[in-house]
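The structure appears right after this line, and notes come after that.
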Ligand SMILES: Cc1cc2nc3c(=O)[nH]c(=O)nc-3n(C[C@H](O)[C@H](O)[C@H](O)COP(=O)(O)OP(=O)(O)OC[C@H]3O[C@@H](n4cnc5c(N)ncnc54)[C@H](O)[C@@H]3O)c2cc1C
Ligand code: SF4
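Residue numbers (the numbering used here), protein chains in the order written: chain A, -19 to 177; chain B, 7 to 658.
Structural data, given as structure tokens:
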């Protein structure tokens, strides 16, 4: 069941001219504001910059937003940043959805009307998904402070030494009676033609 | 090597094997069998008195069988631990009555036959797999006469022959008669770079060119009078200082002849070898005679890797070496969280590269171990116990063994091992498995939203997070324009796409549905996309049964780097969309109303082996083959992956 107390904020980014050069971002902002349960829609020149992020946080406080859609670039670039941003304003990090209107729209579309229509659709789809987002708790699991290195050739030896030098316990398991691997059998090794062991 | 033995943080377990590994990131439990050495590792001083008395003489594997050792031995002088060991399969008798000469000889009383294998259970947070490579055995290559002719040796044997610690203590001699060779030939690419599986492996073994150049230079430095020829296909000297070494060896008079010998024969009873080769530079057939031939043997995946690979659910590259999580961005990670790879286990590589990779793997492991708690992204699967019918199908498709199931029991979902691919959720026909954050409802809501208006103009496209979605990003970064009709639903893996989503999209008026994912071998979830392929075949069958055009459903693999491919996929898919008429779209709803949602199982082995038709949904090209003959599902004509495998109908 969709909650009926949804208050979604949509933040449309110009990305300088990267998005605004091909998408009518003002029309997009207006359109976003008409979608059901969207409480407010705001346009920024650079949403990822500090002022843009502050605006998101301020809006969350002032309008009691409980879902946030950022219409900007690919989640691969800025999702972690915007998650942090909404978390900073007290929202669970999983209540964010990104609408990729740059890589998937403004940058790959030749016609402004087409691009604007596509951007509207992308935002509509993102808002639809945002309605089904719920706060999620990340399970925290303990970490045993020790490592197992399997294989005692030069790679295993080096890995074991490095981990051990960083202060962790290491078990180095080698199936042969001695460590060394192939390298131990080599006489001289390239590139310097010097002893292997 | 010595540092390892002395490091206070390292517990060295040699002559030991990992028998079992359970658990998940941060919390692995490993069972290690420490085999009995019969010599107290800490007490042994390595004096060797015991070995002098031992009556058993066997070939020494460290010397590649070119020397001998006793049943009680130290593997090599610098061995770590620096202790003797009794090979119990060779020892005459494990009690003093049978033999026991070594026990008598050991003044420190370090030897005891009462000890047994030890079983250890250790708990660790991270695992580094560094099981290395094996060296190719050229016995099968009849033309090179290895084992038939004593003076044909492998590069590994050559290392022992020239070593001061080797069987000849550094006096260069050929195995047949120990005479110092005056003419030596090296043959490259033995067991490497061949398309004939009987003659070796298709990949380049990476170290053998440089190893030969090194060996040739070493000979020239120490025995300038020896005449040296190298037979090669092309020389791979691409690393730092490599070209310089190659130039030096050429300047020292090493002869490089382009062409691999077709035949080798022994010259009468001299032990010398006559090589017939097509010199492809001079374009003529040549014969050369040598006192000794060295085969530059390639590398093969280590036998020792396989059991460990299975225990921690890693995948293999087509070459058989371990597969990394991402070929460029995550070269030491694996799909299993908390498990890293280093060295030649991942691909044949030299020492410098192995050390570099080991450093990277250990830093990854340390980052994890520095944390007291590890948080798992909340995208894992959750079971609705009220809906579950206890069939266990979910457990059978989980690539990470994160679901365990026993007959008539509810499956157990181990969230710490779950990476959120969603394959189980797509597999469950009862909808009992929910994905946190990537819920079914959200997907339906996305489909509704994208088809709300103008649905006839839209393409519903599913894109996996790692490859195809990222490939679309790359198209964007490269400003590769394409028609604006597709609307994307991001899933973690193509295997998340439940057949019900597709039925739903068609019923809602989608003219075309596209599923895209990582290339078959690049799947970020080991082999979850094999489930995608299986479901696609079922869906195409289902569409056909419902009387609909099967080519309205398409499948494409696209990697994160392939922006251009994404652009092509978009253009081609738009062409397809334009071919779908409004009558067809209107008819879809009724046609699918009562049509069962296809949920195919994996084809049986007997079906897989049968030749059947492959048909390309993009271009219509068709050909015959069995299920395994085209796993990547590539159309030979148009390179599309929308390839349907038409299983033969049983004759009724
Ligand atoms: C003929 C030849 C010449 C070479 N010359 C050079 C050179 O001149 N310069 C250079 O830089 N490189 C050279 N190399 C390459 C070099 O040998 C490798 O880079 C190096 O050995 C790789 O180290 P590794 O630790 O990854 O693997 P390995 O050396 O193969 O070590 C792997 C270790 O893991 C152990 N192991 C395997 N399975 C298990 C298991 N299940 N449990 C426990 N232990 C296991 C093995 O016993 C072995 O000790 C040469 C290679 C060959 C074959
Ligand atoms: S490194 Fe050289 S010899 Fe070895 S397989 Fe590659 S090309 Fe052949």
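C-beta atoms are modelled at their ideal positions from N, C-alpha and C, and glycine is treated no differently.
Closest residue to residue i among the options (Cα-Cα distance)
i	options	result
residue 171 of chain B	A:-2, A:-11 and A:164	A:164
residue 408 of chain B	B:378, B:338 and B:318	B:318
residue 570 of chain B	B:617, B:503, B:474 and B:245	B:474
residue 289 of chain B	B:482, B:264 and B:19	B:264
residue 93 of chain B	B:147, B:477, B:314 and B:60	B:60
residue 334 of chain B	B:528, B:439 and B:420	B:528
residue 613 of chain B	B:175, B:632, B:621 and B:622	B:632
residue 667 of chain B	B:405, B:410, B:118 and B:387	Residue 667 of chain B lies beyond the residue range present for chain B, which begins at 7 and ends at 658; the question has no answer from this structure.
residue 116 of chain A	A:134, A:44 and A:71	A:71
residue 83 of chain A	B:379, B:493, B:511 and B:114	B:493
residue 553 of chain B	B:598, B:560, B:20 and B:155	B:598
residue 204 of chain B	B:97, B:148, B:257 and B:157	B:148
residue -6 of chain A	A:149, A:94, A:175 and A:80	A:80
residue 558 of chain B	B:511, B:231, B:439 and B:167	B:511
residue 284 of chain B	B:500, B:314 and B:238	B:238
residue 4 of chain B	B:521, B:30, B:391 and B:567	Residue 4 of chain B cannot be examined here, being either before or after the span of chain B that is shown, 7 to 658.
residue 2 of chain B	B:221, B:201 and B:607	In this structure chain B extends from 7 to 658, so residue 2 of chain B is not present and cannot be described.
residue 135 of chain B	A:111, A:152, A:8 and A:29	A:152
heavy atom of ligand 1 below 7 Å from residue i C-beta
i	result
residue 690 of chain B	Absent from the model: residue 690 of chain B. The displayed extent of chain B is 7 to 658, so no value can be given.
residue 311 of chain B	yes
residue 36 of chain B	no
residue 368 of chain B	no
residue 154 of chain A	yes
residue 326 of chain B	no
residue 44 of chain A	no
residue -12 of chain A	no
residue 170 of chain A	yes
residue 166 of chain A	yes
residue 130 of chain A	yes
residue 220 of chain B	yes
residue 198 of chain B	no
residue 134 of chain A	yes
residue 207 of chain B	no
residue 355 of chain B	yes
residue 338 of chain B	no
residue 358 of chain B	yes
residue 319 of chain B	no
residue 255 of chain B	no
residue 228 of chain B	no
residue 162 of chain B	yes
residue 305 of chain B	yes
residue 127 of chain A	no
residue 217 of chain B	yes
residue 247 of chain B	no
residue 314 of chain B	yes
residue 213 of chain B	yes
residue 10 of chain B	no
residue 92 of chain B	no
residue 484 of chain B	no
For residue j and residue i, believed in contact at Cβ under 8 Å, the rounded distance
i	j	result
residue 170 of chain A	residue 649 of chain B	Contact flag wrong, Cβ pair sits at about 45 Å.
residue 20 of chain B	residue 137 of chain A	Contact doesn't hold; Cβ gap of about 12 Å is too wide.
residue 439 of chain B	residue 389 of chain B	6 Å
Listed by chain order, chain D residues near residue i by CB distance under 8 Å
i	result
residue 117 of chain A	In the structure shown, chain D cannot be found, because the protein chains are A and B.
Closer than 7 Å: residue i CB and nearest ligand 4 heavy atom
i	result
residue 162 of chain A	With respect to small molecules bound, the structure shown includes ligand 1 and ligand 2 and not ligand 4.
(message) So, does the stretch 532 to 544 of chain B touch the stretch 569 to 581 of chain B, judging by three or more C-beta pairs under 8 Å?
(response) In this structure the stretch 532 to 544 of chain B does not lie against the stretch 569 to 581 of chain B, because fewer than three pairs of beta carbons, one per stretch, are closer than 8 Å.
(request) Determine, using beta-carbon pairs with one atom in the stretch 502 to 517 of chain B and one in the stretch 581 to 594 of chain B, whether at least three such pairs fall under 8 Å. (result) yes
(request) Taking 8 Å as the threshold, find out whether the stretch 423 to 440 of chain B comes into contact with the stretch 472 to 491 of chain B through three or more Cβ pairs. (result) Output reads no: the stretch 472 to 491 of chain B does not touch the stretch 423 to 440 of chain B.
(message) If contact is defined by three or more beta carbon pairs under 8 Å, each pair taking one atom from either stretch, is the stretch 104 to 113 of chain A in contact with the stretch 444 to 460 of chain B?
(response) yes
(request) State whether the stretch 178 to 194 of chain B contacts the stretch 142 to 159 of chain B, with contact taken as three or more CB pairs (one from each stretch) at a distance under 8 Å. (result) yes
(request) Examine the Cβ distances between the stretch 360 to 380 of chain B and the stretch 139 to 159 of chain A and report whether three or more of them are shorter than 8 Å. (result) Yes, they touch.
(request) Report yes or no: do the stretch 102 to 114 of chain B and the stretch 11 to 19 of chain B share at least 3 C-beta pairs separated by less than 8 Å? (result) no
(message) Within 8 Å, do at least three Cβ pairs link the stretch 14 to 34 of chain A to the stretch 115 to 130 of chain A?
(response) Inter-segment contact for the stretch 115 to 130 of chain A and the stretch 14 to 34 of chain A is absent: fewer than three beta-carbon pairs are separated by less than 8 Å.
(message) Using a Cβ distance threshold of 8 Å, determine whether the stretch 47 to 55 of chain A contacts the stretch 447 to 454 of chain B, with at least three qualifying pairs required.
(response) no
(request) Please confirm if the stretch 36 to 47 of chain B is in contact with the stretch 413 to 421 of chain B, defined as three or more CB-CB distances below 8 Å between the two stretches. (result) no
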